[in-house]
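S.K.: I am attaching a structure below and will ask some questions about it afterwards.
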Amino acid sequence: MKTFVRRGRIAIAGLLLCVSASTVSADWHQFWHNCNRDYYRNNAWPEPFQELDAMQVSAAFDTMKHNGWRLHNTIGNELFRDGDGALLASGHNRVFWIATQSPESRRNVYVLRGRTDAETDARVASVRQTLASVPNTGAQTNVFVTDREPSTAPGAWATQINRQWMLELPKPKLPSATAQGGPSVTQ
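With mature numbering (1 follows the signal peptide of the UniProt record, and there is no 0) applied, the sequence shown covers -26 to -1, 1 to 161.
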(Lines of atoms letter the chains of each structure in order from A and count residues from 1; the text may use other names and numbers.)
(Lines give C-alpha, C1' and ligand atoms only; values in the text may rest on other atoms or scores of the structure.)
Protein backbone atom coordinates (compact mmCIF):
# COMPACT_ATOMS: atom_id res chain seq x y z
CA MET A 1 0.00 0.00 0.00
CA LYS A 2 2.85 2.38 0.83
CA THR A 3 4.33 1.76 -2.58
CA PHE A 4 1.01 2.51 -4.24
CA VAL A 5 0.59 5.79 -2.31
CA ARG A 6 4.19 6.77 -3.01
CA ARG A 7 3.78 6.04 -6.75
CA GLY A 8 0.48 7.94 -6.76
CA ARG A 9 2.12 10.99 -5.23
CA ILE A 10 4.95 10.81 -7.74
CA ALA A 11 2.43 10.52 -10.59
CA ILE A 12 0.45 13.52 -9.35
CA ALA A 13 3.64 15.57 -8.92
CA GLY A 14 4.75 14.59 -12.43
CA LEU A 15 1.37 15.55 -13.85
CA LEU A 16 1.47 18.92 -12.10
CA LEU A 17 5.02 19.47 -13.33
CA CYS A 18 3.99 18.76 -16.93
CA VAL A 19 1.00 21.10 -16.74
CA SER A 20 2.99 23.91 -15.13
CA ALA A 21 5.96 23.37 -17.46
CA SER A 22 3.83 24.15 -20.49
CA THR A 23 2.65 27.37 -18.83
CA VAL A 24 6.20 28.29 -17.89
CA SER A 25 7.32 27.42 -21.39
CA ALA A 26 4.65 29.70 -22.87
CA ASP A 27 5.64 32.51 -20.52
CA TRP A 28 9.31 31.92 -21.35
CA HIS A 29 8.65 32.24 -25.09
CA GLN A 30 6.49 35.29 -24.49
CA PHE A 31 9.29 36.83 -22.40
CA TRP A 32 11.86 36.38 -25.19
CA HIS A 33 9.38 37.64 -27.77
CA ASN A 34 8.84 40.80 -25.70
CA CYS A 35 12.61 41.24 -25.28
CA ASN A 36 13.12 40.93 -29.04
CA ARG A 37 10.28 43.37 -29.78
CA ASP A 38 11.57 45.90 -27.24
CA TYR A 39 15.10 45.62 -28.66
CA TYR A 40 13.89 46.59 -32.14
CA ARG A 41 11.65 49.34 -30.74
CA ASN A 42 14.57 50.84 -28.85
CA ASN A 43 16.80 50.74 -31.92
CA ALA A 44 14.17 52.46 -34.08
CA TRP A 45 13.13 54.75 -31.24
CA PRO A 46 12.58 58.24 -32.60
CA GLU A 47 11.20 57.19 -35.98
CA PRO A 48 7.81 55.68 -34.98
CA PHE A 49 6.94 58.70 -32.86
CA GLN A 50 8.12 61.53 -35.10
CA GLU A 51 5.07 61.44 -37.38
CA LEU A 52 2.70 61.59 -34.42
CA ASP A 53 4.67 64.49 -32.93
CA ALA A 54 4.63 66.33 -36.25
CA MET A 55 0.87 65.82 -36.57
CA GLN A 56 0.31 67.20 -33.07
CA VAL A 57 2.44 70.26 -33.82
CA SER A 58 0.72 70.97 -37.13
CA ALA A 59 -2.77 70.50 -35.65
CA ALA A 60 -2.53 73.94 -34.04
CA PHE A 61 -1.63 75.49 -37.39
CA ASP A 62 -4.54 73.70 -39.07
CA THR A 63 -6.85 75.25 -36.48
CA MET A 64 -5.33 78.67 -37.16
CA LYS A 65 -5.80 78.25 -40.92
CA HIS A 66 -9.42 77.22 -40.43
CA ASN A 67 -10.11 80.22 -38.18
CA GLY A 68 -8.36 82.54 -40.66
CA TRP A 69 -10.47 81.33 -43.57
CA ARG A 70 -13.55 81.55 -41.38
CA LEU A 71 -12.89 85.23 -40.62
CA HIS A 72 -11.91 85.92 -44.24
CA ASN A 73 -15.16 84.40 -45.53
CA THR A 74 -17.35 86.18 -42.98
CA ILE A 75 -19.82 88.63 -44.48
CA GLY A 76 -19.90 91.43 -41.91
CA ASN A 77 -22.29 94.26 -41.09
CA GLU A 78 -20.71 96.67 -43.59
CA LEU A 79 -21.67 94.41 -46.52
CA PHE A 80 -25.41 94.40 -45.71
CA ARG A 81 -27.94 97.20 -46.04
CA ASP A 82 -29.22 98.43 -42.67
CA GLY A 83 -32.74 97.37 -41.79
CA ASP A 84 -33.66 94.76 -44.39
CA GLY A 85 -30.42 92.71 -44.52
CA ALA A 86 -30.00 92.86 -48.29
CA LEU A 87 -26.47 92.51 -49.66
CA LEU A 88 -24.77 95.59 -51.04
CA ALA A 89 -22.82 95.44 -54.32
CA SER A 90 -19.57 94.83 -52.44
CA GLY A 91 -21.30 92.01 -50.56
CA HIS A 92 -22.38 90.42 -53.85
CA ASN A 93 -18.79 90.62 -55.09
CA ARG A 94 -17.47 89.09 -51.89
CA VAL A 95 -19.93 86.17 -51.99
CA PHE A 96 -19.16 85.65 -55.69
CA TRP A 97 -15.42 85.53 -54.94
CA ILE A 98 -15.90 83.02 -52.11
CA ALA A 99 -18.08 80.79 -54.30
CA THR A 100 -15.78 80.84 -57.33
CA GLN A 101 -12.21 81.73 -56.35
CA SER A 102 -11.54 80.38 -52.86
CA PRO A 103 -10.21 76.81 -52.56
CA GLU A 104 -12.97 74.23 -52.84
CA SER A 105 -12.41 73.01 -49.29
CA ARG A 106 -12.89 76.58 -48.02
CA ARG A 107 -16.07 77.52 -49.89
CA ASN A 108 -18.16 78.35 -46.86
CA VAL A 109 -19.86 81.69 -46.37
CA TYR A 110 -20.22 82.85 -42.77
CA VAL A 111 -22.94 85.43 -42.21
CA LEU A 112 -22.56 87.68 -39.19
CA ARG A 113 -25.60 87.44 -36.94
CA GLY A 114 -27.88 90.50 -37.09
CA ARG A 115 -29.44 92.42 -34.21
CA THR A 116 -32.62 90.35 -34.48
CA ASP A 117 -33.48 86.89 -35.73
CA ALA A 118 -35.50 88.40 -38.58
CA GLU A 119 -32.49 90.43 -39.72
CA THR A 120 -30.27 87.33 -39.55
CA ASP A 121 -32.78 85.32 -41.60
CA ALA A 122 -32.94 88.12 -44.18
CA ARG A 123 -29.14 88.19 -44.42
CA VAL A 124 -28.95 84.42 -44.93
CA ALA A 125 -31.71 84.56 -47.56
CA SER A 126 -29.89 87.36 -49.40
CA VAL A 127 -26.62 85.39 -49.42
CA ARG A 128 -28.40 82.24 -50.63
CA GLN A 129 -30.11 84.24 -53.38
CA THR A 130 -26.72 85.54 -54.52
CA LEU A 131 -25.26 82.02 -54.43
CA ALA A 132 -28.14 80.76 -56.57
CA SER A 133 -27.10 83.18 -59.32
CA VAL A 134 -23.45 82.02 -59.24
CA PRO A 135 -22.59 79.31 -61.77
CA ASN A 136 -21.69 76.07 -59.98
CA THR A 137 -17.95 75.53 -60.48
CA GLY A 138 -17.30 72.57 -58.20
CA ALA A 139 -17.96 72.17 -54.51
CA GLN A 140 -21.24 73.50 -53.18
CA THR A 141 -20.94 76.64 -51.08
CA ASN A 142 -22.48 76.34 -47.63
CA VAL A 143 -23.89 79.21 -45.56
CA PHE A 144 -23.38 79.38 -41.79
CA VAL A 145 -24.36 81.97 -39.18
CA THR A 146 -21.55 83.18 -36.92
CA ASP A 147 -21.02 85.54 -34.02
CA ARG A 148 -17.32 86.19 -34.70
CA GLU A 149 -16.94 89.58 -36.29
CA PRO A 150 -13.83 90.03 -38.45
CA SER A 151 -11.56 92.89 -37.47
CA THR A 152 -11.78 95.87 -39.80
CA ALA A 153 -10.27 99.32 -39.97
CA PRO A 154 -11.46 102.54 -41.59
CA GLY A 155 -9.95 103.13 -45.02
CA ALA A 156 -8.80 106.66 -44.15
CA TRP A 157 -6.84 105.34 -41.16
CA ALA A 158 -5.18 102.61 -43.25
CA THR A 159 -4.29 105.16 -45.95
CA GLN A 160 -2.80 107.50 -43.35
CA ILE A 161 -0.57 104.73 -41.97
CA ASN A 162 0.56 103.74 -45.47
CA ARG A 163 1.39 107.34 -46.45
CA GLN A 164 3.29 107.95 -43.21
CA TRP A 165 5.32 104.79 -43.83
CA MET A 166 6.13 105.91 -47.39
CA LEU A 167 7.29 109.33 -46.10
CA GLU A 168 9.63 107.77 -43.53
CA LEU A 169 11.29 105.37 -45.96
CA PRO A 170 14.94 106.28 -46.57
CA LYS A 171 15.85 107.35 -50.09
CA PRO A 172 17.33 104.46 -52.05
CA LYS A 173 21.03 104.79 -52.84
CA LEU A 174 23.74 102.53 -54.13
CA PRO A 175 26.58 101.53 -51.82
CA SER A 176 29.77 103.60 -52.00
CA ALA A 177 32.05 100.53 -52.06
CA THR A 178 31.80 97.09 -53.61
CA ALA A 179 31.88 93.87 -51.66
CA GLN A 180 35.57 93.50 -52.51
CA GLY A 181 36.44 96.82 -50.87
CA GLY A 182 37.18 98.82 -54.03
CA PRO A 183 35.32 101.86 -55.33
CA SER A 184 31.87 101.16 -56.69
CA VAL A 185 30.58 101.73 -60.19
CA THR A 186 28.71 104.87 -59.11
CA GLN A 187 31.88 106.81 -58.26
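Ideal placement from N, C-alpha and C gives every residue a C-beta, glycine not left out. Bear in mind the structure is a predicted one, so any value in this text is a computation, not a measurement.
#1: Would you kindly report the start and end of the unbroken alpha helix (DSSP H) that includes Trp105?
#2: Three or more C-beta pairs under 8 angstroms: does that hold for the segment 134 to 151 against the segment 101 to 109?
#3: At the level of alpha carbons, what is the spacing between Thr115 and His3?
#4: I think Leu53 touches Gly65, with their Cβ atoms under 8 angstroms apart; what is that distance to the nearest whole Å?
#5: One question on the structure: do Thr48 and Arg122 come within less than 8 angstroms of each other, judged by their Cβ atoms?
#6: Verify whether the separation of the beta carbon atoms of Pro124 and Gly50 is less than 8 angstroms.
#7: Taking C-beta to C-beta, are Ala113 and Arg81 nearer than 8 angstroms?
#8: Please classify Ser100 as buried or exposed, where buried requires at least 16 other C-beta atoms within 10 Å of its C-beta.
#9: Along the beta strand (DSSP E) that carries Thr120, what are the first and last residues, could you check?
#10: Rounded to whole angstroms, what is the Cα-Cα separation between Gly59 and Thr126?
#11: Can you check which of these residues, Ala33, Ala132, Trp131 and Tyr84, is closest to His46 by C-alpha distance?
M.R.: Here's the rundown:
#1: Position 131 of the sequence shown, counted from the first residue, corresponds to residue 105. According to the sequence provided, residue 105 is Leu. The question's Trp does not apply to it. Here the alpha helix (DSSP H) through Leu105 covers Asp91 to Ala106.
#2: no
#3: One-based indexing of the sequence shown puts residue 115 at position 141. One-based indexing of the sequence shown puts residue 3 at position 29. Spanning the two alpha carbons is a distance of roughly 59 angstroms.
#4: Within the sequence shown, the letter at position 79 stands for residue 53. Within the sequence shown, the letter at position 91 stands for residue 65. That pair is a contact at about 3 angstroms.
#5: Residue 48 sits at position 74 when you count from the first residue of the sequence shown. Residue 122 sits at position 148 when you count from the first residue of the sequence shown. Result yes, Cβ atoms of Thr48 and Arg122 sit closer than 8 angstroms.
#6: For the purposes of this step, residue 124 is taken as residue 150 along the sequence shown, with counting starting at 1. For the purposes of this step, residue 50 is taken as residue 76 along the sequence shown, with counting starting at 1. In this structure, Gly50 lies closer than 8 angstroms to Pro124 by Cβ.
#7: Within the sequence shown, the letter at position 139 stands for residue 113. Within the sequence shown, the letter at position 107 stands for residue 81. Closer than 8 angstroms, so yes.
#8: The residue given as residue 100 occupies position 126 in the sequence shown. Ser100 is buried by the Cβ-count criterion.
#9: The sequence position of residue 120 within the sequence shown is 146, counting from 1. In this chain, the beta strand (DSSP E) harbouring Thr120 covers Asn116 to Thr120.
#10: Indexing the sequence shown from 1 puts residue 59 at position 85. Indexing the sequence shown from 1 puts residue 126 at position 152. C-alpha separation (whole angstroms): 19 angstroms.
#11: Here residue 46 corresponds to residue number 72 of the sequence shown, with the count starting at 1. The candidate whose alpha carbon is nearest that of His46 is Tyr84.
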